[in-house]
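Participant: Mapping to the working numbering: the sequence shown position 156 is 160, numbers consecutive. Before I ask anything, here is the structure I am working with.
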Amino acid sequence: MPGADPTLSTVDRIKRSLVGLRMPRALECLDAVLRQVERGEIGTLEAIDTLLVDELTLRENRRIKTALVMARLSTMKTLAGFDFAFQPSLDRNRILALAGLDFITRHEVVHFTGPPGTGKSHLSIALGIEAVKAGRSVHFVSLADLVGTLARAEREGSLREKIRFFSRFALLIVDEIGYLPVVPGGGNLFFQLVNARYEKGAMILTSNRGFAEWGQIFGDPVVATALLDRLLHHAVVVQIEGASYRLRQHAELVPEHVRSKALIQPPPALPPRRRGRPPKIQGAVDQHVG
């Protein structure tokens, strides 16, 4: 450690130390804080506290910004920005309870189901952002992109490594299940990932299709049954029944039969079973355990 330079003033030495400690925010605020001390507005301890809090805030904001990019949560959707009044079918308190992130600790799966435009992706992103703020590792991906990535890894002989990559996140958000057709074999690839994360990591899934339609989505009723067996075992199902938020200003242009179309049916139930390794699946899903 170099000794203090006697030719520098105390303030200059502090500034040099802040530069050496890589504390740019504290350095930026130092002069203003010292003026407050000179005017008697704050004491010495308060001045130190102000500098440290400002520096920590800057670092935390940088951490969150970087983590959001890594999580692929580039679109800022927050719970504060969600219009609960537009979707009265949603229990606001239930959503806020999810924001407590206990479902991540319990390795549960949260399902947001409902017609397009009802806020499923918004809520999933908002919960992902809350998880990032809390220091949890998060990854956001659409089902089409996820299956495409797994299929490419399988062709290249790196499927095991890719599944390990997607399994390392505390929260994996899979968006838009049912919007685009799944490539042949995609259901089996998705199942391998779900099975690897089963009771080890939390997930959030959004879908505009009912669970009874998953056989069509994945092109294989047996694989769909196996998927649902794991994804509904420790699950929170949030069904949103409402109009499209994006079309709210043009509702009169949407045909009445579309506006009033029956929404997604309640999920089928699975027979209760013990926590642990899932049994072999042979038939269709009949019941659901919440």
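Glycine included, each C-beta is placed from N, C-alpha and C at the ideal position.
What's the C-alpha gap between F90 and A138?
Facilitator: Going by the C-alpha atoms only, they are around 28 Å apart.
Participant: Inspect the beta-carbon positions of L77 and F144 and report whether they are closer than 8 Å.
Facilitator: Yes, Cβ-Cβ distance for L77 and F144 is below 8 Å.
Participant: Using a Cβ-Cβ cut-off of 6 Å (strictly less than) and excluding sequence neighbours within five positions of N192, which residues of its own chain qualify?
Facilitator: Only V227 meet the Cβ criterion.
Participant: Candidates Q40, R172, T61 and N97: which alpha carbon is nearest V198's?
Facilitator: Comparing Cα positions, the closest option is R172.
Participant: So for G294, helix, strand or coil by DSSP?
Facilitator: With a pLDDT of only 39 at G294, under the threshold of 50, the placement of this residue in the model should not be trusted, and no figure is reported.
Participant: Cutting at 6 Å between CB atoms, please list the residues of its own chain near L72, excluding the five before and the five after it.
Facilitator: Only V136 meet the Cβ criterion.
Participant: Please go through the same chain and pick out, in chain order, the residues whose beta-carbon is closer than 6 Å to the beta-carbon of K81, but skip the five residues on each side of it.
Facilitator: Result list for K81: H126, I129 and A130, in chain order.
Participant: With the cut-off set at 8 Å, would you say L150 and V114 are in Cβ contact?
Facilitator: Not in contact: L150 and V114 (Cβ atoms no closer than 8 Å).
Participant: With DSSP as the reference, identify every bridge partner of I208, one or two as the case may be.
Facilitator: Answer by DSSP bridge pairing, in chain order: V114 and I177.
Participant: Three or more C-beta pairs under 8 Å: does that hold for the region 180-196 against the region 88-104?
Facilitator: No: fewer than three Cβ pairs fall under 8 Å.
Participant: Which of the three DSSP states is assigned to H238 in this structure?
Facilitator: In the structure shown, H238 sits in coil (DSSP, three-state: anything other than H, G, I, E or B).
Participant: Can you tell me where the beta strand (DSSP E) with S146 in it begins and where it stops?
Facilitator: Start and end: V142 to S146.
Participant: What is the DSSP secondary structure of L274, reduced to helix, strand or coil?
Facilitator: At L274 the pLDDT is 48, less than 50, meaning the model places this residue with poor confidence and gives no usable figure here.
Participant: Considering only residues of the same chain and omitting the five flanking positions on each side of I285, which have a CB-CB separation below 8 Å?
Facilitator: With a pLDDT of 36 at I285, under the threshold of 50, the modelled position of that residue is not reliable, and no figure is offered here.
Participant: Over what stretch of residues does the alpha helix (DSSP H) that includes K166 continue unbroken?
Facilitator: That run of the alpha helix (DSSP H) goes L163 to S171.
Participant: Assign I52 to one of two classes, buried (16 or more other C-beta atoms within 10 Å of its C-beta) or exposed (fewer than that).
Facilitator: With fewer than 16 other Cβ atoms within 10 Å, it is exposed.
Participant: Going by DSSP, which residues form a beta bridge with Q220?
Facilitator: In the DSSP output, where bridge partners are listed per residue, Q220 has none listed.
Participant: Where does Q91 fall in DSSP's three states?
Facilitator: Coil, per DSSP.
Participant: Tell me which residues share the same chain as V23 and place their Cβ nearer than 6 Å to its Cβ, disregarding the 5 neighbours each side in the sequence.
Facilitator: Once the five neighbours on either side are set aside, V23 has no close Cβ partner at all.
Participant: Do the CB positions of E112 and H238 come within less than 8 Å of each other?
Facilitator: Yes, the pair counts as a contact, with Cβ atoms nearer than the cut-off.
Participant: Let me know if K204 comes out buried or exposed under the rule of 16 or more other beta-carbons within 10 Å of its beta-carbon.
Facilitator: Looking at its Cβ environment, which holds fewer than 16 other Cβ atoms inside 10 Å, K204 is exposed.
Participant: Would you mind sorting E180 into buried or exposed? The rule is 16 or more other CB atoms within 10 Å of its CB.
Facilitator: Buried is the call here.
Participant: Could you please give me the residues that DSSP links to Q243 through a beta bridge?
Facilitator: For Q243, which the question treats as bridged, DSSP gives the partners T117.
Participant: Do A206 and L175 have their beta-carbon atoms positioned less than 8 Å apart in this structure?
Facilitator: In contact: L175 and A206 (Cβ atoms closer than 8 Å).
Participant: Taking 8 Å as the limit between beta carbons, can you name the residues of its chain near L12, skipping five residues before and five after?
Facilitator: The answer, listed in chain order, is R20.
Participant: Specify, as a first and last residue, the run of the alpha helix (DSSP H) that F215 falls within.
Facilitator: No alpha helix (DSSP H) contains F215, which DSSP labels as neither H nor E.
Participant: Exposed or buried, L49, counting other C-beta atoms within 10 Å across all chains shown (16 or more means buried)?
Facilitator: Burial call: exposed.
Participant: Short of 7 Å in beta carbon distance, which residues of its chain neighbour D58, apart from the five on each side in sequence? Order them along the chain.
Facilitator: If we look at D58 and ignore the five residues flanking it on each side, its Cβ neighbours are R29, A30 and C33.
Participant: Roughly how many angstroms lie between the CA atoms of L62 and G44, to the nearest whole one?
Facilitator: Using only the alpha carbons, I get a separation of about 26 Å.
Participant: Reducing DSSP to helix, strand and coil, say where R29 ends up.
Facilitator: DSSP places R29 in helix when its eight states are reduced to three.
Participant: Determine the extent of the alpha helix (DSSP H) in which T14 is found, giving its start and end residues.
Facilitator: That run of the alpha helix (DSSP H) goes T14 to G24.
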